[in-house]
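Trainee: Our numbering applies: residue 1010 is where the sequence shown begins, and numbers increase by one. All C-beta atoms in this analysis are idealised placements derived from N, C-alpha and C, irrespective of residue type, glycine included. Sharing a structure with you now.
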Amino acid sequence: MSGPPSTASSPSSMDRSTAGDEVGRIYGDVGVGEFKLALTRPLERGEYLTVKDDRGKRVLCQLTQLERKSDFGAERARDAVAGLASTEVTDTLYGRAHVIGYRESGVVEVPQIPFRPASPVFTADEHLIGEVLGLHKSDKTAAYIGLLRGHSLRVELDINSLVQRHLSVLAKTGAGKSYLVGVLLEEFLRHNVTCVIVDPHGEYGSLRYRTDRTPKDPERFGVEPAAFRDKITEFSPDTTLNKEAKPLTFSLKNLDPRELLTFMGFTSVRSYVAPLKNLMELAAQANPDFSLKDLVRLAHAQSESEGNVAYEALAERLEYLDETKLLAPVGTSLHEIVVGGKMTILNLRGVAPDIQEIVVTRVLSSFFEQRKRNKIPPLFLVVEEAHNYCPQQGQAISSRILKTIASEGRKFGLGMCIVSQRPARVDKNVLSQCATQLILQVTNPLDVKAIAQSVEGLTEGMTEMIQSLPIGTCLVSGGGFHSPLFCEVRPRSTRHGGESVNVIPV
1010 MSGPPSTASS PSSMDRSTAG DEVGRIYGDV GVGEFKLALT RPLERGEYLT VKDDRGKRVL
1070 CQLTQLERKS DFGAERARDA VAGLASTEVT DTLYGRAHVI GYRESGVVEV PQIPFRPASP
1130 VFTADEHLIG EVLGLHKSDK TAAYIGLLRG HSLRVELDIN SLVQRHLSVL AKTGAGKSYL
1190 VGVLLEEFLR HNVTCVIVDP HGEYGSLRYR TDRTPKDPER FGVEPAAFRD KITEFSPDTT
1250 LNKEAKPLTF SLKNLDPREL LTFMGFTSVR SYVAPLKNLM ELAAQANPDF SLKDLVRLAH
1310 AQSESEGNVA YEALAERLEY LDETKLLAPV GTSLHEIVVG GKMTILNLRG VAPDIQEIVV
1370 TRVLSSFFEQ RKRNKIPPLF LVVEEAHNYC PQQGQAISSR ILKTIASEGR KFGLGMCIVS
1430 QRPARVDKNV LSQCATQLIL QVTNPLDVKA IAQSVEGLTE GMTEMIQSLP IGTCLVSGGG
1490 FHSPLFCEVR PRSTRHGGES VNVIPV
């Protein structure tokens, strides 16, 4: 193929936001949804373009693939190494663009007739980009997470839509996943959204404090330091390690046998319901305020008298549960955890994985039941390291309630955000229920495949771009936007609590 030689420099972000110059021509066979073009100057993948259709409508498109072709072949390369040939090259950039559409009467339409070959292709201006993509400012219900990559257009997610249709934040380790979640939580705090965070690493308590770093490009992003100490409460089963947290406990007397078996970590409860019910009835006859130690003593006695192995298994699990200090005469009230307009952190740092599952199961089950009865306010639930609580393979006692919330929670005002560094390991029934996805860099082939299968409107070129995204840039799919888009995540107003620890001091 031949064409005009391309230049060696790339336009700046300011050039891209204001330009409307011709950058290439359509060539070859043209489809309705995409086309090929020869470029007259370098552009980056992901840039927005525009072409006029047969009616003269300006149609928004996006450059998804790039390839540079030249007359410098293998033989010339070999000869150049030997000093026998010139290294002067004539090259041309070729691309492939995805057709997004145009907005008419408030609806995005896609031309049903392919563009004509040789049609000129222009850079799209910000007015057209914002109009077609639906990037309009709405402070009342909007969560501002950043700017459209390479532009000054704000990317804002509708909070009501997130609660009603669920959200996932996916990225490999170190790609900025917890930083982005922190940005989102700052917006929830500003809008007085009732929110509960399952925090296995204790990193979101930093939202109480103003950032101690100078924000990047404060004028461009329009972000100032802020703190939310008065809006955050923290609970933990281990207040020795997590000193800013209040104790998180559950009342033994409020549990029926099946619920107590869940706390004990049984995944199959059928064989143990009747024996445990018998133990609890015997203990209540002797003392209405019986303790776990009373149940352990009775379980050993019943095992010796009846020779039933179920009682010995119950005794062993009851002893372990007693050591966790999760059950107390008076447990933490659900109304202490869910407070309208406030954020609660369930800090599980230092808590054994099996106990974490028990806590998550009990708390989330209570949320679901109480929301069905409208006993607590509508709330948004954030589950960090979700692959541990609802795995695609293996078992976790918390899987069932997470699947239930994913499929039914939206009907009762219980929204959920799934956060994971291993998308392929998250239960597909849960992940597929998330209508909005925020995806940072992901490189593991299995994770990339899982994302490609679960995200609507993701082109092959976008899937490739996910694997090389710079830190601080995410792909936004859903969220009320007609097409997936790339967003530069705004700076945090609060302190980031998920930074890596240096082995060698610097």
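Considering only residues of the same chain and omitting the five flanking positions on each side of Thr-1027, which have a CB-CB separation below 6 Å?
Mentor: The predicted position of Thr-1027 is uncertain, since its pLDDT is 41 and thus under 50; no value can be drawn from it.
Trainee: Are the beta-carbon atoms of His-1175 and Gly-1424 separated by less than 8 Å?
Mentor: Their beta carbons are under 8 Å apart, which means His-1175 touches Gly-1424 by this criterion.
Trainee: Which whole-angstrom value describes the C-beta separation of Thr-1258 and Ala-1361, a residue pair presumed to lie in contact below a C-beta threshold of 8 Å?
Mentor: Their Cβ separation, rounded to whole angstroms, is 16 Å, which puts Thr-1258 and Ala-1361 out of contact at 8 Å.
Trainee: Which one of Lys-1252, Gly-1481, Thr-1333 and Phe-1490 has the shortest CA to CA distance from Arg-1501?
Mentor: Selected option, being the one with the closest Cα: Gly-1481.
Trainee: Between Thr-1073 and the rest of its own chain, which residues show a CB-CB distance below 7 Å, the 5 nearest in sequence each way excluded?
Mentor: So the qualifying residues of the chain are Arg-1054, Arg-1105, Ala-1106, His-1107, Thr-1468, Gly-1470 and Met-1471.
Trainee: Ignoring anything shorter than 3 residues or poking outside the region 1322-1369, list the beta strand (DSSP E) runs there in chain order.
Mentor: 1352-1356, all fully within the region 1322-1369.
Trainee: Do you know how far the Cα of Met-1352 is from the Cα of Tyr-1213?
Mentor: One C-alpha to the other measures close to 11 Å.
Trainee: Between which two residues does the alpha helix (DSSP H) harbouring Lys-1412 extend?
Mentor: First-last of the alpha helix (DSSP H) with Lys-1412: 1408-1417.
Trainee: Let me confirm a value: Ala-1127 is counted as buried when at least 16 other C-beta atoms fall within 10 Å, else exposed. Which label applies?
Mentor: It counts as exposed.
Trainee: How long is the line joining the alpha carbons of Gly-1506 and Ser-1187, rounded to whole angstroms?
Mentor: Whole-angstrom Cα-Cα distance: 8 Å.
Trainee: Is Glu-1393 buried or exposed, if buried means 16 or more other CB atoms sit within 10 Å of its CB?
Mentor: It counts as buried.
Trainee: Whose C-beta lies closer than 7 Å to the C-beta of Ser-1441 among residues of the same chain, with five residues either side of it excluded?
Mentor: Ser-1463.
Trainee: Under 8 Å by Cβ, that's how I've got Leu-1323 and Val-1207 pegged, so tell me the actual separation to the nearest angstrom.
Mentor: Actually they are not in contact, since the Cβ atoms of Leu-1323 and Val-1207 sit about 28 Å apart, beyond 8 Å.
Trainee: Excluding the five sequence neighbours on either side, which residues of its own chain have a C-beta within less than 7 Å of the C-beta of Gly-1211, listed in chain order?
Mentor: Excluding sequence neighbours, Gly-1211 sits near Asn-1251, Asn-1356 and Arg-1358.
Trainee: May I ask you to report which of helix, strand or coil DSSP gives Tyr-1188?
Mentor: Helix.
Trainee: Quick one: using the 10 Å Cβ neighbour count with 16 as the cut-off for buried, is Glu-1195 buried or exposed?
Mentor: So Glu-1195 ends up on the buried side.
Trainee: Among Pro-1224, Glu-1031 and Arg-1112, which residue has its Cα nearest to the Cα of Glu-1233?
Mentor: Nearest option by C-alpha distance: Pro-1224.
Trainee: Between the region 1367-1377 and the region 1407-1415, do three or more beta carbon pairs fall short of 8 Å?
Mentor: With the cut-off at 8 Å, the region 1367-1377 and the region 1407-1415 touch.
Trainee: Given a cut-off of 8 Å on the beta-carbon distance, is the pair Gln-1476 and Val-1457 in contact?
Mentor: Yes.
Trainee: According to DSSP, simplified to helix, strand and coil, what is His-1136?
Mentor: Helix.
Trainee: Roughly how many angstroms lie between the CA atoms of Pro-1014 and Ala-1047, to the nearest whole one?
Mentor: Low per-residue confidence applies at Pro-1014: pLDDT is 35, beneath 50, and the placement is therefore not dependable enough to give any value.
Trainee: Could you tell me if Pro-1284 is buried or exposed, where buried requires 16 or more neighbouring beta carbons within 10 angstroms of its beta carbon?
Mentor: Buried: at least 16 other Cβ atoms inside 10 Å.
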